[in-house]
Amino acid sequence: MRKKVLFRVDAGGSVGAGHLMRCLALARYLTEASYEVVVACAALEAEYERLMREAGCGRLLLDDGLTLARDAQLCADYADLHQFDGVVVDHYGLDQAWESRLRGSGRILLVIDDLANRPHVCDALLDQNDCASTTSRYDELLPADSEFFLGPKFALLRCEFAVLRERCAPRGELKRLLVFFSASDEKNETAKALAGIAQCQRAWQVDVVTGASHPDVAGIARTCREQGWAHHHQVEYMAALMAEADLSLGSAGSASWERCAMGLPAILVQLADNQAEVMRCLLRHGAALSLGAAERVQASHYAQALDAFGPQKLAAMSQAAFELVDGKGVTRVAEWIMKRLWRR
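For the sequence shown, the UniProt record's numbering assigns the number 1 to the initial residue and increments by one for each residue that follows.
The structure is reproduced here in structure tokens:
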């Protein structure tokens with residue numbers, strides 16, 4: 001009988017796409033290993049629904065605005081009825097109260113978190129952003145027998161990143177830029193960065209990526225046409241774009257680990273509080289340059305940072321990125337899940 005895993009995650013709007021994308025990387029690995037996977041979440045934009053189908057996932061549609069208790073009841077009833085063996089939850093709004101309901105019947109439960117701000121009841125916790133790789137942030141928040149997967153070594157990246165990584169080498173000359181801030185980029189930091197690139201008046205090749213929830217896709221596309229740059233919308237070939245780029249402009253979100261796996265240096269801003277730990281990690285390892293909080297950054301700051309990048313700085317930052325992430329995190333986490341499930 002096929003083993004079954006239920007994922008609980010949301011995406012879109014202020015939540016962004018990072019939670020969903022890392023879950024789908026893990027879900028795809030499991031479905032390709034003949035596991036049955038169902039994703040429980042509220043209604044999503046069509047692009048995200050399509051990505052779930054392509055990952056081989058089934059769907060449990062939840063209403064918006066459910067109370068925590070009702071959310072837990074619906075998911076637990078579904079898991080009981082269909083005899084699910086494991087649960088993966090990646091949701092800042094859920095804690096031990098929700099997890100306690102889902103952990104019954106001998107199910108294993110993996111929590112994906114990076115806030116360390118609420119208690120959990122789980123068999124293991126994954127925090128790919130915890131570069132210190134110590135459990136101290138989670139003292140008093142987890143059962144004593146919980147396992148931990150901490151740091152970028154366990155970053156959940158799609159398999160193509162590990163494959164294309166083998167073709168990449170440390171960068172040495174700045175010829176091609178990649179601009180991507182997040183799938184939502186609610187405040188349109190992309191437009192500000194593009195203005196900064198334009199100020200440099202260099203003959204760089206520029207690839208600009210927008211996601212399904214970007215607030216001004218038409219405006220970004222228009223700027224790219226005027227400048228002769230390439231605009232890519234809701235792409236599935238991000239790994240290829242990163243492999244071809246020499247430097248990226250973006251935010252310190254989950255795409256940071258994708259860039260590192262490809263040895264791609266980055267000029268970054270912080271778009272949200274939960275990106276602070278990632279930013280500290282990247283700076284500590286010399287894998288990125290920080291411009292600080294996005295609301296204090298102007299187009300000219302991007303221009304100044306770009307002008308300061310010489311070949312030696314680019315090469316050193318690229319090598320540091322390579323050493324931080326090897327792209328095999330999804331394999332490590334999936335193998336733990338599979339081993340635990342077959343013990344049941």
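Don't be surprised by glycine CBs; every beta carbon is placed ideally from N, CA and C. Note that the structure is predicted; figures quoted are calculated from it, not measured.
Integer Cβ distance of residue i from residue j, believed to fall under 8 Å
i    : j    : result
F180 : A239 : 12 Å between Cβ atoms; not a contact.
A25  : V217 : With 8 Å as the limit, A25 and V217 do not qualify as a contact, their Cβ atoms being about 24 Å apart.
V39  : D90  : 10 Å between Cβ atoms; not a contact.
Cβ neighbour criterion (16 or more within 10 Å) applied to residue i
i    : result
A69  : exposed
M21  : buried
S248 : buried
V163 : exposed
T67  : exposed
E277 : buried
D123 : buried
Reference residue i, options the options, closest by Cα
i    : options               : result
A195 : A203, S300, C260      : S300
L178 : D185, T210, D85       : T210
R59  : T223, A293, G327, C75 : C75
H82  : G93, S105, G65        : S105
Alpha-carbon spacing of residue i relative to residue j, whole angstroms
i           : j    : result
L157        : L306 : 27 Å
A155        : E140 : 24 Å
H19         : S256 : 13 Å
R107        : A43  : 26 Å
R28         : A334 : 10 Å
residue 345 : D71  : In the structure as shown, the chain starts at 1 and stops at 344, and residue 345 therefore has no counterpart that could be examined.
P265        : D77  : 46 Å
G219        : E258 : 26 Å
G228        : A191 : 15 Å
residue 399 : E236 : The structure shown does not extend to residue 399, since the chain is modelled only from 1 to 344, so the question has no answer here.
C41         : P311 : 45 Å
residue 346 : G253 : Given a span of 1 to 344 for the chain in the structure shown, any question on residue 346 remains unanswerable.
F148        : V121 : 13 Å
V111        : T135 : 14 Å
K187        : W342 : 46 Å
Contacts around residue i, its chain only, beta-carbon distance under 7 Å, and the 5 residues preceding and following it disregarded
i    : result
G286 : A316, M317, A320
N274 : D114, L115
A183 : G16, A17, G211, A212, S213
Contacts around residue i, its chain only, beta-carbon distance under 8 Å, and the 5 residues preceding and following it disregarded
i    : result
H232 : D207, V208, V209, T210, L241
D326 : K153, A162, R165, A261
W204 : L174, K175, R176, L177, I197
Same chain, Cβ closer than 6 Å to residue i, neighbours up to 5 away in sequence not counted
i    : result
L324 : P152, C260, H285, A287
A294 : E189, V269, L271
H214 : D185
C131 : G151, C281
F309 : L174
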